[in-house]
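By the UniProt record's numbering, the letter at position 12 of the sequence shown is numbered 12, and the numbering carries on one by one without gaps. Quick reminder that beta carbons are idealized off the backbone N, C-alpha and C, glycines included.
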Amino acid sequence: MLPRLLALVRVSETKFVSAVPGQAPPGARATFGGTIVAQSLWAAIKTTASAFEPASLQCYFLVGGDPKERIVYEVDLLRDGRNFAHRQVRAYQFKKVIYVATIMLYNAEASNSAPSTDSVRHLSNVPDFPDLKQMVPAAQLFRSDVVENLNRYRNLHKSWNGIKVLDPFIERFESGAVEYRFPKDLFNSGEYHDKNQQPHLSHLDYYQRVRRPLSTSRKSDEEISDPRFQYVEFAYLTDAYLLLCLPYFHLLPLYCHKFSVSLDHTIHFHKRPSVNEWMALRVTNPRSDKSRHLVRGEYFDNNREPVASVTQEGLVVYESPSNIRARF
């Protein structure tokens with residue numbers, strides 16, 4: 001699924017084009033940002049030796065991508081050192097820059113072979129993270145909390161005028177590239193928490209993984225054979241249900257925004273992710289002010305060891321919370 005969606009065709013040593021056009025998320029018009037983040041990382045990886053793995057990525061969304069058109073990626077080789085490589089990637093459509101990223105990769109082989117020494121070391125963990133069994137499959141929760149309350153959501157979105165409008169959401173949850181297990185209060189946290197006692201929730205916990213494909217791709221495909229492609233798939237999922245979860249923290253129903261767009265996206269990788277295994281994600285919202293919102297996500301593996309840290313800022317416009325609650 002993702003190997004096909006994120007595949008790149010090499011045009012030159014430093015120029016690539018997406019093999020297929022991108023896709024817009026349900027309810028959106030522009031190409032899903034996770035696709036562009038992932039493909040820019042893949043382009044950077046393809047210009048480095050196999051020993052180099054991603055360490056960090058900082059990117060900016062300049063213009064929304066056209067999901068009907070393929071995207072061109074050009075890589076600048078900023079520096080190639082013994083231990084680190086630096087790349088800048090620009091994404092183009094219609095000869096205009098729509099996105100730019102700076103990516104640092106490190107020599108994993110050199111790092112792994114370095115002599116063990118006493119050093120300062122700390123790995124954060126989340127001992128209180130809910131068990132996977134306490135979570136609800138995304139499609140099931142969406143049906144019970146959103147589909148069954150369509151009349152209420154119609155008061156927020158006039159375009160949500162029938163069940164058919166929600167089919168793309170259900171399809172994405174049931175068979176899309178990313179699987180989710182959500183807490184039962186995700187879609188309408190205001191019905192589970194008293195806003196007078198807790199006007200802003202401290203964190204949101206849920207699980208994600210890349211869905212295992214039912215059909216196998218050719219083993220010769222570079223997206224399958226290169227183990228670094230797991231970083232690429234991970235980059236894709238980090239843009240899914242991060243910014244969208246903002247209303248949760250403010251005790252508002254999800255999908256109540258009037259306008260939402262990502263401004264920037266940062267990933268610090270702590271280890272190679274195992275994307276087909278469930279990863280625990282703790283999301284926080286340290287700032288929401290003047291329609292600019294910051295969200296942070298900490299990913300952990302099955303052993304609760306840190307996998308990556310993600311930060312995203314978005315321009316998201318809402319009506320006043322009192323108006324939203326009155327209409328909903």
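Residue state for Tyr106 is assigned as strand, using DSSP reduced to three classes. Each of Arg152, Lys184, Phe129 was checked against the Cα of Phe142, and the nearest Cα belongs to Lys184.
By the beta-carbon neighbour count (other beta carbons within 10 angstroms, threshold 16), Leu246 is buried.
Taken atom to atom, the span from the alpha-carbon of Ser144 to that of Tyr248 is near 17 Å. Taking 8 Å as the upper bound for CB-CB distance, Ala38 and Glu223 are not in contact here, some 11 Å apart.
By the criterion of a C-beta distance shorter than 6 Å, His203 is surrounded in its chain by Arg282, Thr284, once the five residues flanking it on both sides are discounted. Where Asn323 is concerned, the enclosing alpha helix (DSSP H) starts and stops at 321–327. The straight-line gap separating the alpha-carbon atoms of Ser288 and His250 is approximately 10 Å. For the pair Ser18 and Leu243, the Cα-to-Cα distance works out to about 25 Å. As DSSP reads the structure, Asn188 sits in a beta bridge with Pro253.
In the displayed model, Gln88 falls within a strand according to three-state DSSP.
Taking Gly34 as the centre and dropping the five residues before and after it, the same chain places the C-beta of Ala235, Tyr236, Leu237, Thr238, Asp239, Ala240 closer than 8 Å to its C-beta, in chain order.
Under DSSP, Arg228 takes part in no beta bridge, so it has no partner.
Leaving aside the five residues that flank Trp160 on each side, the residues in its chain whose CB is nearer than 8 Å to its CB run, in chain order, Leu150, Tyr153, Arg154, Leu166. CA-to-CA, the gap between Pro3 and Phe129 works out to about 31 Å. By the CB criterion at 9 Å, Tyr231 and Tyr207 fall outside the cutoff. No Cβ-Cβ contact shorter than 9 Å links Arg228 with Pro25. Under the DSSP assignment, Thr284 falls in the beta strand (DSSP E) whose first and last residues are 279–289.
For Asp167, the uninterrupted alpha helix (DSSP H) segment begins and ends at 167–175.
Taking a cut-off of 8 Å for Cβ pairs, the region 94–103 and the region 62–71 touch, as three or more such pairs fall below it. By the beta-carbon neighbour count (other beta carbons within 10 angstroms, threshold 16), Val72 is buried. A straight-line Cα-Cα distance of about 42 Å links Asp205 and Ser12. Approximately 6 Å separates the beta-carbon atoms of Val136 and Phe182; this is inside 8 Å, confirming the contact.
In the three-state reduction of the DSSP assignment, Lys46 falls in the helix class, which pools H, G and I. Nearest in C-alpha terms to Leu57, of all of Pro306, His270, His157, Lys68, is His270.
A straight-line Cα-Cα distance of about 19 Å links Pro21 and Val75. Contact holds between the region 266–280 and the region 306–318, because three or more Cβ pairs, one in each stretch, are under 8 Å apart. Shown here for Arg10: same chain residues with a beta carbon closer than 8 Å to its own, the five before and five after excluded, namely Phe16, Lys46 in chain order.
Per the DSSP secondary-structure output, Ala139 pairs with nothing in a beta bridge.
Residue environment: Ile163 is assigned as exposed (fewer than 16 neighbouring CB atoms within 10 Å of its CB, all protein chains considered). Going by DSSP, Leu315 is part of no alpha helix (DSSP H) but of the beta strand (DSSP E) stretching over 306–317.
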